[in-house]
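Chemist:
Numbering (the numbering used here), first residue to last: 1 to 238.
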């Protein structure tokens, strides 16, 4: 269910806003959110007839475990402890591999890198089974896939996952890069310039794209473009 794509096709995918028409209705993936822990980090389960994917196995894996009859992959949007704390438990019980961007891979095993040391509860997980890179694609079924978009800023290896139906962008799993009305904090090893570039990249997506963030309620690219103060020039990231 995993393969890579040529990076020079990314811009075309960002600009795409139609599938070119399908003769028959396409069954879209089911998306369910599971807020976990004191920080209410959102875990997302994407279900299709072919593959199920869990995004961000947070600190309370028992919340989502009854919903995982079969799991093809576990994907971390970044390596902070509130998003990875359940990784080993879910891996052990499902046998699914865990994937994370190469630049956040050390956070799985380093309590300083995943910020758990600062919280007074050092966390160490097993290393990743696969390292992701910008432009990688993860096939869900014949009509749908996830596109890995590198969005450093909140953390060095932060990613967003863009759900595509053919070439049409449907939904963005934005991790701690973009929230409803806000963005990810920059004081835990963040990079303001990288965050600004990542946000600018996300704003190339169509307004209709749903956004499922790492914390808080869902939103859309269009809503954030118009109302998010960090995208209006009202706050200086630098």
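Don't be surprised by glycine CBs; every beta carbon is placed ideally from N, CA and C.
Predicted model, so just to flag it, every value in this text is computed and none were measured.
Does DSSP put residue 121 in a helix, in a strand, or in coil?
Modeler: Start at 1 with the first residue of the chain shown, and residue 121 comes out as number 121. Coil.
Chemist: Pair every Cβ in the region 143-152 with every Cβ in the region 193-205, then say whether three or more of these pairs are closer than 8 Å.
Modeler: yes
Chemist: Tell me the rounded alpha-carbon separation between residue 68 and residue 33.
Modeler: Here residue 68 refers to the residue found at position 68 when the chain shown is read from its first residue. Here residue 33 refers to the residue found at position 33 when the chain shown is read from its first residue. Distance between the alpha carbons of residue 68 and residue 33: 13 Å.
Chemist: Could you please give the first and the last residue of the uninterrupted alpha helix (DSSP H) stretch that includes residue 82?
Modeler: The sequence position of residue 82 within the chain shown is 82, counting from 1. Start and end: 81-84.
Chemist: Leaving out five residues before and five after residue 228 in sequence, what residues of the same chain have Cβ atoms less than 6 Å from its Cβ?
Modeler: By one-based count along the chain shown, residue 228 stands at place 228. Cβ within range, chain order: 181.
Chemist: By how many angstroms is the C-alpha of residue 105 removed from the C-alpha of residue 130?
Modeler: Sequence index remark: in the chain shown, residue 130 carries index 130 (1-based). Sequence index remark: in the chain shown, residue 105 carries index 105 (1-based). Cα to Cα, residue 130 sits roughly 9 Å from residue 105.
Chemist: Between the C-alpha atoms of residue 231 and residue 116, what's the straight-line distance to the nearest angstrom?
Modeler: Here residue 231 refers to the residue found at position 231 when the chain shown is read from its first residue. Here residue 116 refers to the residue found at position 116 when the chain shown is read from its first residue. Residue 231 and residue 116 have their C-alpha atoms some 30 Å from each other.
Chemist: For residue 208, count neighbouring Cβ atoms within 10 angstroms of its own Cβ and tell me buried if that reaches 16, exposed if not.
Modeler: Along the chain shown, one-based indexing puts residue 208 at 208. Looking at its Cβ environment, which holds fewer than 16 other Cβ atoms inside 10 Å, residue 208 is exposed.
Chemist: According to the Cβ coordinates, are residue 47 and residue 30 closer than 8 Å?
Modeler: Position 47 of the chain shown, counted from the first residue, corresponds to residue 47. Position 30 of the chain shown, counted from the first residue, corresponds to residue 30. Yes, Cβ-Cβ distance for residue 47 and residue 30 is below 8 Å.
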